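The block underneath contains the structure these notes are about, expressed in structure tokens.
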């Protein structure tokens, strides 16, 4: 299954309840005590997909 298909089929439905706050990408919101919201996100860079092994670090 391609990543886009996985997101569309498995993750996108989780973003529809009001508690999801409309997030539909690689992120989540957690509402800790004291009325503060935190946003966590994570993304991957893969060699050969997002950059080439010969690309300089800069």
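Numbering (this note's numbering), first residue to last: 375 to 432. By construction, the Cβ of each residue, glycine as well, lies at the ideal position given by its N, Cα and C atoms. Computed from a predicted structure; not experimentally measured.
DSSP three-state assignment for residue i, whether helix, strand or coil
i           : result
residue 408 : helix
Best match in the options for proximity to residue i [C-alpha to C-alpha]
i           : options       : result
residue 393 : 405, 382, 384 : 405
Span of the alpha helix (DSSP H), counted from its first residue to its last, around residue i
i           : result
residue 379 : 377-380
C-beta neighbour in chain C for residue i, strict 8 Å
i           : result
residue 391 : Here there is only one protein chain, and chain C is not present.
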